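Okay, so the sequence shown: first residue is 946 according to this note's numbering, each after it adds one.
No residue lacks a Cβ here, since even glycine has one placed at the ideal position from N, Cα and C.
Predicted model only: the values in this text are computed from it and were never measured.
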Amino acid sequence: MKNSPLQQHLINLLNFEGAHVGFDEAVRGLAPKLHGKKMKAFPHTAWQLVEHMRITQWDILEFTRDAAHVSPKWPEGYWPESSAPSSEGAWKKSIAAFRHDLDEMKKLVAEADEQQLYAPISHGDGQTLLREAFLIADHNSYHLGQLVMLRKMLGAWK
946 MKNSPLQQHL INLLNFEGAH VGFDEAVRGL APKLHGKKMK AFPHTAWQLV
996 EHMRITQWDI LEFTRDAAHV SPKWPEGYWP ESSAPSSEGA WKKSIAAFRH
1046 DLDEMKKLVA EADEQQLYAP ISHGDGQTLL REAFLIADHN SYHLGQLVML
1096 RKMLGAWK
């Protein structure tokens, strides 16, 4: 099945195609010693931003596709407890999970017929697949901007 123009635009937006840096570019090459480094004038570490993006995206995806999903408690459930990952493996696992869940949302968008994009989610209160895809794109874009700014402050951006 060929995607509609709207579906293709959504997929492009979720792929970070357009006017901003993508997720892979934003996390690529950041030295492990900087994952948990706190800057005085900045509220979060790179780990906190990446993990927050992962948790939030996962929550939106699961809400979209699973009526039994229970969201984390706001706001503490959407941020990691620590300022740094417990290991390099934890950093890599978070990045892989982020990519996986993003691919799952793109799959939902691609496999929906256009009417399904607009249909209210049965267990929601007016949300639609279209709205949830936009929400993920918007949230990711916002925090990717923060991550790039943090990397500039750390002297770790090209």
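- Under DSSP, P1030 takes part in no beta bridge, so it has no partner.
- Cβ neighbours of Q952 within its own chain (closer than 8 Å, five residues either side excluded): V1054, A1055, A1057, E1059, L1062.
- Of all C-beta pairs linking the region 1063-1073 to the region 1018-1034, fewer than three are shorter than 8 Å, placing the two stretches out of contact.
- If the five residues before and after M1050 are omitted, its C-beta is found closer than 8 Å to the C-beta atoms of L959, Q1002, I1005, L1006, T1009, E1077, A1078, I1081, all from its own chain and listed in chain order.
- In the three-state DSSP reduction, T1073 falls in the strand class (E or B).
- P1017 sits in coil when the DSSP states are folded into three classes, being neither helix nor strand.
- DSSP places P950 within a helical segment (H, G or I) once states are collapsed to three.
- DSSP places T1001 in the uninterrupted alpha helix (DSSP H) bounded by 991-1010.
- Here the alpha carbon of V972 sits roughly 30 Å from the alpha carbon of N948.
- Taking 9 Å as the cut-off, the Cβ atoms of F961 and L1095 do not count as close.
- When DSSP reads this structure, P1065 sits in a beta bridge with T1073.
- Ranking W1102, Y1087, F1043, E1033 by CA distance to the CA of A964 puts Y1087 first.
- When the alpha-carbon of G967 is set against those of M1098, K978, H1084, the nearest one is in H1084.
- Cβ neighbours of L994 within its own chain (closer than 8 Å, five residues either side excluded): H1088, Q1091, L1092, L1095.
- A distance below 9 Å separates the beta carbons of I1000 and G1022.
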